[in-house]
Amino acid sequence: MDIQSCVTIINEWDIVAARQLGRNVAKELGFGTVDQARITTAISELARNIYLYAGKGQICIDKLNENGKVGLRINAADSGPGISEIRQVMEDGYSTSGGLGAGLPGVKRLMDQFDIDSSPGNGTKIIATKWLR
Amino acid sequence: MRIPILKLHDCLLVSIQWELDDQTALQFQEDLLHKIHETSANGVVIDLTSIDFIDSFIAKVLGDVINMSKLMGAKVVITGIQPAVAITLIELGIGLDDVLTALDLEKGLEKLQQELGD
């Protein structure tokens with residue numbers, strides 16, 4: 061069964077709350093310090109993207125248990141402007157904020173699975189998963 | 006909460022002991038530059054031993070404050086970066102190139118003395 065907890069992202073403090081939630085869940089699931097840092101950092105980047113580009117959104121953390129495989133899934137969702145050039149934002153070095161975020165390619169490298177669904181006017185949904193090895 | 010900045014001879018010592026939020030990080034940036042100005046310090050050691058993750062924002066604030074200090078004439082050494090922090094920073098795509106680093110505070114102070122040329 062998947063268990064979910066969420067943080068609404070409206071201000072900078074919510075970024076801190078989201079990554080603390082993620083770190084606690086990662087610790088609880090038995091992730092080591094390096095994976096804890098990867099997960100915490102990924103959440104921080106995704107929450108900051110919501111704060112910077114959409115203004116408001118939500119970060120939800122799922123505990124996964126699929127056929128004995130334990131994992132943590134980050135769901136980042138907002139109903140902001142959306143992204144028209146997904147291929148472009150997935151390239152290293154692409155930025156519209158003057159380098160405030162490391163961007164989505166970095167988040168993808170930190171996690172095991174990464175999916176993005178976004179189009180102009182329909183917001184952005186990102187799902188990123190890390191499996192316990 | 007403000008991060009304490011200590012003076013030791015002609016150097017400043019900073020040990021960041023808790024997770025940085027945006028406001029604390031930006032306040033620290035300003036506080037450090039004022040303290041360099043106030044004390045005429047030549048060097049700064051920023052110890053990150055207690056920090057277990059650094060995201061791109063904190064990395065940018067740190068990188069910026071190092072360059073700002075350099076503009077004022079002070080050298081900065083970063084010490085105590087944890088293995089998990091080094092791994093995630095590189096995976097994230099942040100190299101913090103040209104930043105002086107050392108394993109711990111002691112080695113950081115030694116490095117600073119070498120850099121300052123005595």
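Residue numbers (my numbering), protein chains in the order written: chain U, 61 to 193; chain E, 6 to 123.
Virtual Cβ for every residue (Gly too), placed ideally from N, Cα, C.
Quick one: what does DSSP say residue i is sitting in, helix, strand or coil?
i, result
"E:G85", "coil"
"U:A136", "strand"
"E:G122", "coil"
"E:I59", "coil"
"E:W3", "The structure shown does not extend to residue 3 of chain E, since chain E is modelled only from 6 through 123, so no value can be given for it."
"E:I10", "strand"
"U:G166", "helix"
"E:L31", "helix"
"E:D36", "helix"
"E:T54", "coil"
"U:L192", "coil"
"U:I143", "coil"
"U:L160", "For U:L160, the pLDDT reaches just 47, beneath the cut-off of 50, and the residue's location in the model is therefore unreliable, leaving the point undetermined."
"U:G183", "coil"
"U:I75", "helix"
Report buried or exposed for residue i, applying the criterion of at least 16 other Cβ atoms within 10 angstroms of its Cβ.
i, result
"E:M77", "exposed"
"E:E111", "exposed"
"E:D109", "exposed"
"U:Q171", "It is worth fixing the name first, because residue 171 of chain U is Met in this sequence and not Gln. By the neighbour-count rule (16 or more Cβ atoms within 10 Å), U:M171 is buried."
"E:K116", "buried"
"U:K190", "buried"
"U:G140", "buried"
"E:Q22", "exposed"
"U:G90", "exposed"
"U:Q64", "exposed"
"U:S144", "exposed"
Checklist entry - Are the stretch 105-113 of chain U and the stretch 72-84 of chain U touching by the rule of at least three beta carbon pairs closer than 8 Å? => result yes
Checklist entry - Quick one, which residues of the stretch 82-101 of chain E are near chain U if we go by CB-CB under 8 Å, in chain order? => result Q87, P88, A89, V90, I92, T93, E96, L97, G98, I99
Checklist entry - Would you call the stretch 32-39 of chain E and the stretch 99-107 of chain E touching, i.e. three or more CB-CB distances under 8 Å? => result no
Item to check | Segments of 4+ residues assigned as alpha helix (DSSP H) that fall wholly inside the stretch 85-138 of chain U | outcome: 93-109
Item to check | Chain-ordered residues of the stretch 95-126 of chain U with a beta carbon less than 8 Å from chain E | outcome: Q96, A97, R98, T100, T101, S104, E105, R108
Checklist entry - Okay, do the stretch 12-30 of chain E and the stretch 42-62 of chain E touch, 3+ Cβ pairs below 8 Å being the bar? => result The stretch 42-62 of chain E and the stretch 12-30 of chain E touch, with three or more beta-carbon pairs separated by less than 8 Å.
Item to check | Chain-ordered residues of the stretch 162-189 of chain U with a beta carbon less than 9 Å from chain E | outcome: A162, G163, P165, G166, V167, R169, L170
Checklist entry - Quick one, which residues of the stretch 61-82 of chain E are near chain U if we go by CB-CB under 9 Å, in chain order? => result S61, F62, I63, A64, K65
Checklist entry - the stretch 127-140 of chain U: which residues have C-beta closer than 8 Å to a C-beta of chain E, in chain order? => result Those residues of the stretch 127-140 of chain U placed with their C-beta closer than 8 Å to a C-beta in chain E do not exist.
Checklist entry - Taking only runs of the alpha helix (DSSP H) that begin and end inside the stretch 67-115 of chain E, which ones reach a length of at least 4 residues, in chain order? => result 88-97
Checklist entry - Listed from N- to C-terminal order along the chain, which residues in the stretch 66-77 of chain U have their beta-carbon within a distance smaller than 9 Å of any beta-carbon of chain E? => result E72, W73, I75, V76
Next on the checklist: Using a Cβ distance threshold of 8 Å, determine whether the stretch 24-31 of chain E contacts the stretch 121-141 of chain U, with at least three qualifying pairs required.
Outcome noted: no
Next on the checklist: Across the stretch 84-97 of chain E and the stretch 177-185 of chain U, are there enough close Cβ pairs to call them in contact, namely three or more that are closer than 8 Å?
Outcome noted: Contact between the stretch 84-97 of chain E and the stretch 177-185 of chain U is absent, with fewer than three C-beta pairs closer than 8 Å.
Next on the checklist: Using a Cβ-Cβ cutoff of 8 Å, what residues of the stretch 23-37 of chain E are near chain U? List them in chain order.
Outcome noted: Interface annotation for the stretch 23-37 of chain E against chain U: E24, D26, D27, Q28, criterion Cβ-Cβ distance under 8 Å.
Checklist entry - What residues from the stretch 38-61 of chain E come within 7 Å of chain U, judged by C-beta to C-beta, listed N to C? => result D57, F58, D60, S61
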